Amino acid sequence: MNRNQAFDYQACPNLPHMLFNRAEIYKNRNFLWRKTESGWHATTWAQAVDQVKKLSSALRALGLGPGDRVLLVSENRPEWLIADFAIMSAGLITVPGYTTNTAEDHAYLLENSGAKAVIVSNATLAEKIFAGAAKVPYGNGKLIVVLMDDPGNKGFPGHTWAEALDIGAKNPIDFDSLLRAIGRQDTACIIYTSGTGGNPKGVMLSHGALLHNARGAYDLLLTLGLQREVFLSFLPLSHAYEHSAGMIFPTSIGAEIYYVESADKLSSYLTEVRPTIMTAVPRLYEMLYGKITASMKRAGKLQSWMFNKAIAYGKRRYLNPDSFSGFEKLIDKILDILVRRKARAKFGGRLKAMVSGGAPLNYDIGLFFTALGLNILQGYGQTETAPIVSCNSPLNNDIATVGRPVTATEVKIAQDGEILVRGELTMKGYWNNPDATAQVLRYIDPETGESDGVGGAAGARAGNQQPWVHTGDIGEIDAEGRIRITDRKKDIIVLSGGDTLSPQRIEGFLNVEPEIAQSAVFGDKQSYVVALIVPDKEFFRRLPPDQVQSAINAAVERASKKLSITERVRRFAIVSDGFTIENGMLTPSMKIRRHKIKQNYANDITKLYG
756 MNRNQAFDYQ
766 ACPNLPHMLF
776 NRAEIYKNRN
786 FLWRKTESGW
796 HATTWAQAVD
806 QVKKLSSALR
816 ALGLGPGDRV
826 LLVSENRPEW
836 LIADFAIMSA
846 GLITVPGYTT
856 NTAEDHAYLL
866 ENSGAKAVIV
876 SNATLAEKIF
886 AGAAKVPYGN
896 GKLIVVLMDD
906 PGNKGFPGHT
916 WAEALDIGAK
926 NPIDFDSLLR
936 AIGRQDTACI
946 IYTSGTGGNP
956 KGVMLSHGAL
966 LHNARGAYDL
976 LLTLGLQREV
986 FLSFLPLSHA
996 YEHSAGMIFP
1006 TSIGAEIYYV
1016 ESADKLSSYL
1026 TEVRPTIMTA
1036 VPRLYEMLYG
1046 KITASMKRAG
1056 KLQSWMFNKA
1066 IAYGKRRYLN
1076 PDSFSGFEKL
1086 IDKILDILVR
1096 RKARAKFGGR
1106 LKAMVSGGAP
1116 LNYDIGLFFT
1126 ALGLNILQGY
1136 GQTETAPIVS
1146 CNSPLNNDIA
1156 TVGRPVTATE
1166 VKIAQDGEIL
1176 VRGELTMKGY
1186 WNNPDATAQV
1196 LRYIDPETGE
1206 SDGVGGAAGA
1216 RAGNQQPWVH
1226 TGDIGEIDAE
1236 GRIRITDRKK
1246 DIIVLSGGDT
1256 LSPQRIEGFL
1266 NVEPEIAQSA
1276 VFGDKQSYVV
1286 ALIVPDKEFF
1296 RRLPPDQVQS
1306 AINAAVERAS
1316 KKLSITERVR
1326 RFAIVSDGFT
1336 IENGMLTPSM
1346 KIRRHKIKQN
1356 YANDITKLYG
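By our numbering, the letter at position 532 of the sequence shown is numbered 1287, and the numbering carries on one by one without gaps.
This is the structure:
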């Protein structure tokens, strides 16, 4: 990206302005890609903006006005981005919904947000939305619906994508005047939390918050030599992480975005698309780690030896680069050619960085990919901060931390160790939930150090300053200014003896073992820690069923050696079905819903303490 094409994030008044500005520069360059039976097909910048304007005009022509909410439910595809920007361009507010939502989930979103319209990808998903709409006061009759895919011969009570674009073409909006009315402080979207601990809350994010995130990502990755970047978008766009890092940021730098509707085909898409920047959650890196290590165990002795040697040398180069002799440096270069280059080719061969966020990345997983010569950068954030708070720099990467705060972001540690965040990235609050907002957006009293919500003594003394987001995470800041997450304030185990433990840390060590696909750890108010273990099906496909228990036991023992005595899992139960999005025990961003698992397996957990 040359200086003439660099985007001025601070001067930008809103997100549609950003899109239109980029389209003026890139025009007929390819922008959005989709895969069909005949191959990959591109939508250019000019074509995308044309659809944005027509769909935006249609939404206004259908009766929606400034501030109205529109539910957006779709797999990752070009129409997702087009619909989101069309909603914002009309002065409306996007409410992303997951494709895995049930009718009850949709009913909750519709009623809580008060959405008057829905843009949905296909008739199957639309049926669940209609079922949900029937449960809310206004019902199906008043809900404006736009369907991306042609329903064919099926009757559909709404507008197809083509019909909506035609309506917009016949009723064009004066976008210049409309966009001037949208400020950075205005709400761009309401992203609902994934509900790891109860009903999701609607996080109101401003145009400025999302632009702030994009600027932070740009400043962080500029050292990689940003040019014509290629992104592979496969995490749900309804999640704040992919929404910012996989859509807003790539748009701001004029990148090409390839959409993957399912992460199941990710391995083949990596070699087809050859992305230059990749964003994912730790669970995905755990799965890739498992596949790579499993394939090496099936490889020949020489190939396996060389791979293990390459990993050992790579780890050593990261941890102690000055320890190599001249001969060892030569061996390391040979291993890079014979082993690491082939491993990197499976990721497309031109990855500048893999960014991990959404949950803590296991240190050993990060070290493994670093040893392969893949630049893995761990970051940190949450929906309430749009979401990016910090990330490691390619120039100073410490995989044991989540890096320094991104540009113009303040981070401090409260008296009780909680991480506090402040800046334009912070949410405006939870939609229609002032009590929950007051618990998270709080001021710090400069005299006492205590925190309270708006209207309290701390808020009065703070004057016009912004409140701090109380993240609920416990951490520390090292001498280099990097954040280290040590605990989750609301998700810790307190043993009966008084010891406090992080279940995520224990699960991280368990999930690294090849025999274990997933785990959930418990022990609050008990004398020891127990776990529910989901075996790795690929691993056990080659073993007799009667060896599963002993193999899992050996894996738990290996993991325990890396943990303190109080952290070690004393007893475990094997869960065959696993934790999935469909059964409600996994969030769409692949985090376990501990309260749901505890509820579903209450008897099994009780027996472990019997």
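C-beta: ideal position from N, C-alpha, C; glycine also.
Bear in mind that the values here come from a model prediction, so they are computed numbers and not experimental data.
**OP:** Would you check if the distance between the CB atom of Gly971 and the CB atom of Cys767 is smaller than 9 Å?
**Re:** no
Subject >> Straight-line gap, Glu882 to Leu827 (C-alpha atoms, nearest Å) >> reply: 14 Å
**OP:** Label Leu977 either buried or exposed according to how many other C-beta atoms from any shown protein chain fall within 10 Å of its C-beta, with 16 as the threshold for buried.
**Re:** exposed
Original post:
Nearest to Ile1047 by CA position, among Pro1258, Met1033, Asn1063, is which residue?
Top reply: Asn1063
**OP:** Would you kindly report the start and end of the unbroken beta strand (DSSP E) that includes Tyr1013?
**Re:** 1011–1014
Original post:
In the DSSP assignment, what residue or residues form a beta bridge with Tyr764?
Top reply: Answer is none; Tyr764 lacks a bridge partner.
Original post:
What first and last residue would you give for the alpha helix (DSSP H) that runs through Val1367?
Top reply: Residue 1367 lies beyond the stretch modelled for the chain, which goes from 756 to 1365, so this question has no answer here.
Original post:
Which same chain residues, not among the five before or five after Ala858, have their C-beta less than 7 Å away from its C-beta?
Top reply: Lys883, Ala886, Gly887
**OP:** Report the option in Glu1337, Lys1052, Gln1302, Arg983 whose CA atom is closest to the CA atom of Leu1106.
**Re:** Arg983
Subject >> Ala1100 to Thr1026 span [Cα, whole Å] >> reply: 7 Å
**OP:** Only counting runs of 4 or more residues, tell me where the alpha helix (DSSP H) segments fall wholly within the stretch 932–992, in order along the chain.
**Re:** 962–976
Original post:
Is the Cβ-Cβ distance between Gly1069 and Leu1116 less than 9 Å?
Top reply: no
Subject >> beta strand (DSSP E) runs wholly inside the stretch 1059–1128, at least 3 long, in chain order >> reply: 1108–1111
Original post:
Apart from the five residues on each side of it in sequence, which residues of its chain come closer than 7 Å, Cβ to Cβ, to Phe930?
Top reply: Lys808, Ser844
Original post:
Assuming Ile937 contacts His962 under a Cβ cut-off of 8 Å, what Cβ separation, rounded to an integer in Å, is found between them?
Top reply: 7 Å
Original post:
So what does Arg1159 bridge to, in DSSP terms?
Top reply: Cys1146
Subject >> Every unbroken alpha helix (DSSP H) inside the stretch 1256–1335 [4 residues or more] >> reply: 1258–1267, 1292–1295, 1303–1315
Subject >> Segment contact, 8 Å Cβ cut-off, at least three pairs: the stretch 786–797 with the stretch 808–827 >> reply: no
Original post:
Helix, strand or coil: how does DSSP classify Val873 here?
Top reply: strand
Original post:
Cα separation between Ile922 and Gly1178?
Top reply: 40 Å
**OP:** Could you please give the first and the last residue of the uninterrupted beta strand (DSSP E) stretch that includes Glu1231?
**Re:** 1223–1232
**OP:** With a threshold of 16 other CB atoms inside 10 Å of the CB of Lys1351, please say whether the residue is buried or exposed.
**Re:** buried
Subject >> Among Asn1188, Val1110, Ser1282, Gln1259, the one whose alpha carbon lies nearest that of Thr1241 >> reply: Gln1259
Original post:
Which residues in the same chain as Glu1322 place their Cβ atom closer than 6 Å to its Cβ, once the five residues preceding and following it in sequence are excluded?
Top reply: Leu1256, Ile1261
Original post:
With a cut-off of 8 Å, do at least 3 Cβ pairs link the stretch 983–993 to the stretch 1005–1021?
Top reply: yes
Subject >> Nearest-angstrom Cα separation, counted from Asp1254 out to Lys1353 >> reply: 21 Å
Original post:
Closest to Ile1336 by CA distance: which of Tyr1364, Ile1347, Leu933, Ile1288 is it?
Top reply: Ile1347
**OP:** Grab the span of the beta strand (DSSP E) containing Gln1137 for me, first residue to last.
**Re:** Element bounds for Gln1137: n/a, residue is neither H nor E.
Original post:
Asp1279 to Ala1310, Cα distance in whole Å?
Top reply: 23 Å
**OP:** Using three-state DSSP, classify Gly913 as helix, strand or coil.
**Re:** coil
Original post:
Can you tell which of Lys925, Ile1232, Arg1197, Ala1141 has the C-alpha that lies nearest to the C-alpha of Gly731?
Top reply: Nothing can be reported for residue 731: it is not among the residues displayed for the chain, which extend from 756 to 1365.
**OP:** Please classify Ser1206: does DSSP put it in a helix, a strand, or coil?
**Re:** strand
Original post:
Does the beta-carbon of Gly1081 have 16 or more other beta-carbons within 10 angstroms, so that it is buried, or is it exposed?
Top reply: exposed
Subject >> Same chain, Cβ closer than 7 Å to Gly1055, five either side skipped, listed in chain order >> reply: none
Original post:
What does a CB cutoff of less than 6 Å around Trp788 pick up in its chain, not counting 5 residues either side in sequence?
Top reply: Trp795, Ala797, Tyr1013
Original post:
Would Gly1112 pass as a contact of Ala1000 if the rule is Cβ separation under 9 Å?
Top reply: yes
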